[in-house]
Amino acid sequence: MGRSPCCEKAHTNKGAWTKEEDQRLIAYIKAHGEGCWRSLPKAAGLLRCGKSCRLRWMNYLRPDLKRGNFTDDDDELIIKLHALLGNKWSLIAGQLPGRTDNEIKNYWNTHIKRKLLSRGIDPQTHRPLSGGSAAAASGLTTSSTAGFPSPSPAPRPARPVITIPPNVMFARAAPSEDGHSSSGGSTDAPRCPDLNLDLDLSVGPPSSPPKTPAAAASTPTSQQQQQQQRTTICLCYHLGVRGGEACSCKTASPAGFRFLRPLEEGQYI
DNA sequence: AATAGTAGCAACCGCCAATTA
DNA sequence: ATAATTGGCGGTTGCTACTAT
């Protein structure tokens, strides 16, 4: 079957964007808003792939982007979120207004990894290096999800809002039917003994994200409104636990959920 | 001052899931 | 119900700037 290319590569520019291209893209999106990236390049008079336009806009040209250094608080938040979510950069970026997934991904790879290593912590497993080295050496933690099972069954969320008050413990997933259970007693220790997160994962109303320039420009306000209207949902869902499977959220108190993460065979935090 | 090595960042690629026809 | 299309994401690459020798 095969996939058709997203654009005609023979007639598209590649590499660094010029100022003129940036201006064209900005002007077009200001006039017409985001959306339909495939047809945007032609409409805007750009010899670029639609995906490339989207990336340029999202990562560099958006007016609400924050530039400058990350604070220590940002670092700690990113570390905690990474411990919870793995390499879900877009989700992590959603908790840092004005930051992009690409920026955070780069920042993680260039700064935070080293920071954690200097603390003697494995950046993939968030465990002390001495204890986690065996697992790392065995290849168990070389996956793209920081040692966590991929949450692939979860539907792509519409930028959930996660607030992190100071205190909630992780709960380990109960054994599940598909064999992704925490087999044996050797993994009974908490996977992230030093993690103590209180996550309130929420999403805004089901309406589409702002598509018009005006709406896009007012993003911070919109986000505040969405936070006010947000509906709390179960984080297990995002972490790959199927509906109701090994999930006790329904019994959790309104003040907080338990967040469960299914374990791969032989895996642990 | 020149060169080599390293770090940081922007952009590309390929895949996946949702949507549409 | 199925295939095609599109948007979005994470991993990786390559260029540029900076630092050490």
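Going by full-length UniProt numbering, the first residue of the first sequence is number 1, and it counts up by one from there. Backbone N, C-alpha and C define an ideal beta-carbon position, used for all residues, glycine too.
- The alpha-carbon of P41 is positioned some 36 Å away from that of I112.
- DSSP places P41 within a helical segment (H, G or I) once states are collapsed to three.
- Rounded to the nearest whole angstrom, the CA to CA distance from G120 to R54 is 38 Å.
- Take the alpha-carbon of E21 and the one of K51: they are about 14 Å apart.
- With fewer than 16 other CB atoms across the displayed protein chains lying within 10 angstroms of its CB, E76 is exposed.
- Every candidate beta strand (DSSP E) stretch fails here, since none sits fully inside the region 51-109 while reaching 3 residues.
- Going by beta carbons, L65 and L46 fall outside the 8 Å limit.
- By the neighbour-count criterion, in which a residue is buried when 16 or more other Cβ atoms sit within 10 angstroms of its Cβ, K19 is exposed.
- Residue pairing by DSSP places P128 opposite I121 in a beta bridge.
- Here DSSP, grouped into helix, strand and coil, assigns L25 to helix.
- T71 and K88 have their C-alpha atoms spaced approximately 20 Å apart.
- In summary, K80 is buried, with 16 or more beta-carbon neighbours lying within 10 Å of its beta-carbon over all protein chains present.
- Annotation for N102: N59 place their beta carbon closer than 6 Å to its own, counting only its chain and skipping 5 residues before and after.
- Its chain contains L47 and R48 as the residues whose beta carbon lies nearer than 6 Å to that of N13, once the 5 sequence neighbours on both sides are disregarded; these appear in chain order.
- The three-state secondary structure of E34, taken from DSSP, is coil.
- Here N109 has no same chain residue with a Cβ atom under 8 Å from its own Cβ, once five neighbours each way along the sequence are excluded.
- For L116, the CB contacts under 6 Å within the same chain, skipping 5 residues up- and downstream, are P123 in chain order.
- In this structure, the CA atom of E34 is about 10 Å from the CA atom of R62.
- Short of 7 Å from the beta carbon of W37, and not among the five residues preceding or following it, lie these beta carbons of its own chain, in chain order: G50, K51, C53 and R54.
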